[in-house]
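Reviewing the structure listed below.
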Amino acid sequence: MKQTILSIQPADNVWVALQDIPAGTTLTIGAQTITTLQAIAAKHKVTATDIPKDGAITMYGVLVGLANEDLPAGTLITTKNIRHASGQFAVSENRKTNWTPPDVSAWRDRTFMGYHRTDGRVGTGNYWVIIPLVFCENRNVQLLHEVLTKQLGYQRQHPYENMLHGLLADFKAGKTTSTKDFTETVITPTRTFPNIDGIKLLTHTMGCGGTKDDARTLCGLLAGYITHPNVAGATVLSLGCQNAQIAMLKEEIEKRVPGFDRTVIYLEQQQAGSEKALMTMAIQQTFEGLSKANQQERKPAPLSKLCIGMECGGSDGFSGISANPAVGLVADKLIALGGSVILSEFPELCGVEQELSDRCINTTLAAKYVQLMRDYASSAEAVGSGFDSNPSAGNIRDGLITDAIKSAGAAKKGGSSPVTDVIDYPGRVQHPGLALLCTPGSDVESTTAEVGAGATVVLFTTGLGTPTGNPITPVIKLSTNSKLAARMPDIIDIDTGSIIEGSSTLEQMSDQVLELVIATASGTYRTKAQELGQDDFIPWKRGISL
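The opening position of the sequence shown corresponds to residue 1 in this note's numbering, with each subsequent residue numbered one higher.
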């Protein structure tokens, strides 16, 4: 029989509905029995005890809210009867870094097929990137990208073109409506350079008009992409007079990979003169660079060379009990194998700061993490907002009533290992283990930052459905519930809803996810985001983005 209700931690005083529960239903967990006073929709929470006004609401063993009124046992919690609250946190001398790694003997000798770079890292793809240093060059880089992808075999015919072709034919024939069934056949052209996985565009709206710090931050992020192990080479177009100068970008590249040796083409429009002169040089030099980069081939690499970004978007009330803990187990297994994992979205770590601080391998890292969290929270409050504003309308509708409830579940993506690094944006991963990266909770900005920090595969959990992808790193989308996977199959790679239904365990699901990571990293599986051409890239302009 399918389980109806769940207590995540024994000390929690609210339970999670795993399916719709009518009012007047008797629920029992252990020695505790309650009767629901209202209907409880799946994913939502019900009080397991009487909670007085201003009393603490606890989930995942941590404070996630305070009661706005007396809440009898069996009450549905809502945005009206509880409010956001989270525990205090500080740097403690007591490190909680004693960790028992999971058994990874079955994975120890496994490999993936990747692109080996001279700096020791291994890519899961081999992409050429075209980058504007300033938004003024967006048109030129788009033109360059269009010409190259079309002529070199990277521009696929879209099935919607067939649809439009049929509509036009009917229109010319005098028909006002069309009854034809349109084929979804996609013609994939032959690539001129088979070892180049794609030519990708990184347009943005920055580079000038902001502060010099904004320009430096942008150059740092772009340098993270240029030096990324998934990147074979880059073409950079500059206008010439903007804040984000070529020299600044070169400094950021050297900072990340001293003696960087992959091909980077720098062209400046104000020096080149006419568009024709600029585009002629860009096309000729990029073609030469692609020809050279095509010599790279996939070769076996140990799983320790993987760097996985953990991300979520469109979360729901099941996120913290299905997909997130499943990928958290993947994180623990990869770290036990010597790999790297990135946990970001700092506004969505609200309420678990003490736990993560205590897991830092030393007090220096803990202090850095605590300071970043406090500074971020203060900057949000300074403009009349705060982390309590993080949950979206969709989050709340599907059971994530406060930011602390959302955050406690989101943090499960990071597993249980010690924290080996704390990185401020737009830095990059330098050590194996679990790294905390300061980013917004906004999923595209955060995914963009994780890839800039070195993520070669991203595991992205979603309960409501979001199509987020990335130009150079494959994003594997995991649904927290089976209804979503059935409703939006074109964006979901793997369904973890069987955990909720009781037909699979977290351990079994984590093994399934890790197998898919290996296939994706080897290029034998293309994610749904890759198939859709979902190349999302949004730099975080350091400021208030939750």
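From the three backbone atoms N, C-alpha and C, an ideal C-beta is built for every residue, glycine too. Since the structure is predicted, the reported quantities are computational estimates derived from the model, not experimental observations.
Could you spell out where the beta strand (DSSP E) holding P300 opens and where it closes?
K299 to P302
Contact belief for E348 with S407 at Cβ below 8 Å, rounded distance in angstroms
5 Å
In the structure shown, what three-state DSSP assignment does V46 receive?
Strand at V46.
Under 8 Å, do L434 and T456 count as touching if we go by C-beta distance?
no
Assign L164 to one of two classes, buried (16 or more other C-beta atoms within 10 Å of its C-beta) or exposed (fewer than that).
Here L164 is exposed. Its C-beta has fewer than 16 other C-beta atoms within 10 Å.
Kindly indicate the opening and closing residues of the beta strand (DSSP E) around G233.
V231 to S238
Under the assumption that D12 contacts G61 (Cβ atoms under 8 Å), give the Cβ distance between them as a whole number of angstroms.
7 Å
Touch test, the stretch 366-381 against the stretch 462-477, Cβ-Cβ under 8 Å, three pairs minimum:
no
Start and end residues, alpha helix (DSSP H) containing M509
From DSSP, the alpha helix (DSSP H) with M509 extends over L506 to A521.
Measure the CB-CB distance between A17 and A41 and report whether it falls below 8 Å.
Contact flag set, yes.
In terms of residue numbering, what span does the alpha helix (DSSP H) encompassing P258 cover?
Segment: none, P258 is in no alpha helix (DSSP H) and carries neither H nor E.
Selection from T461, Y127, K212 and L278 that minimises the alpha carbon distance to L249
K212
In chain order, what residues of the same chain lie with their CB nearer than 7 Å to the CB of P325, ignoring the 5 residues before and after it?
K412 and L506
Should the stretch 247-262 be called in touch with the stretch 216-228, which here means at least 3 C-beta pairs below 8 Å?
yes
Is the CB-CB distance between I51 and L71 below 8 Å?
yes
Close beta carbons around P426, own chain, < 7 Å, minus the five adjacent residues each side
T217, G220, L221, G224, A449 and G452
In terms of residue numbering, what span does the alpha helix (DSSP H) encompassing M310 cover?
Run containing M310: none in the alpha helix (DSSP H); it sits in the beta strand (DSSP E), C307 to C312.
Based on the DSSP secondary-structure assignment, which residues constitute the bridge partners of Q32?
Checking the DSSP bridge columns, you'll see Q32 partnered with I29.
C-alpha distance - T35 paired with V14, whole-angstrom precision
Looking at the two C-alpha atoms, the distance is approximately 13 Å.
Proximity of S304 and G338 at Cβ, strictly below 8 Å:
yes
Limits of the unbroken beta strand (DSSP E) element including P132:
That run of the beta strand (DSSP E) goes Y127 to P132.
Proximity below 8 Å, CB of L237 to CB of L133:
yes
Going by C-alpha to C-alpha distance, which of N395, G399 and E515 sits closest to G441?
N395
Identify whether L434 lies in helix, strand or coil by the three-state DSSP scheme.
strand
Can you name, in chain order, every residue of its own chain whose Cβ lies under 6 Å from the Cβ of F537, other than the five neighbours on each side?
Only L202, T448 and P471 meet the Cβ criterion.
Member of I8, V64 and D103 whose CA lies at the smallest distance from the CA of D547
An answer regarding residue 547 cannot be provided, because it is not within the stretch 1 to 546 covered by the chain.
Tell me which residue opens and which closes the beta strand (DSSP E) that A67 is part of.
Per DSSP, A67 belongs to the beta strand (DSSP E) from V62 to A67.
Count the other CB atoms within 10 Å of the CB of S340; is the residue buried (16 or more) or exposed (fewer)?
buried
Other residues of its chain near G87: CB distance less than 7 Å, five sequence neighbours each side excluded
V62, L63, G351 and Q354
Run of the beta strand (DSSP E) containing Q376, from where it starts to where it stops:
Looking at the sequence shown, residue 376 is not Gln but Tyr. Counting along the chain, Y376 falls outside any beta strand (DSSP E), though it belongs to the alpha helix (DSSP H) covering T363 to A382.
Segment limits, alpha helix (DSSP H) that includes G463:
It is not in any alpha helix (DSSP H) - G463 carries neither H nor E in the DSSP assignment.
What separation, rounded to the nearest whole angstrom, lies between the Cα atoms of D495 and S482?
6 Å
Span of the alpha helix (DSSP H), counted from its first residue to its last, around H145:
N138 to Q151
Consult DSSP for A56 and reduce its assignment to one of helix, strand or coil.
strand
A17 - partner residues in DSSP beta bridges
I5
May I ask you to report which of helix, strand or coil DSSP gives V451?
helix
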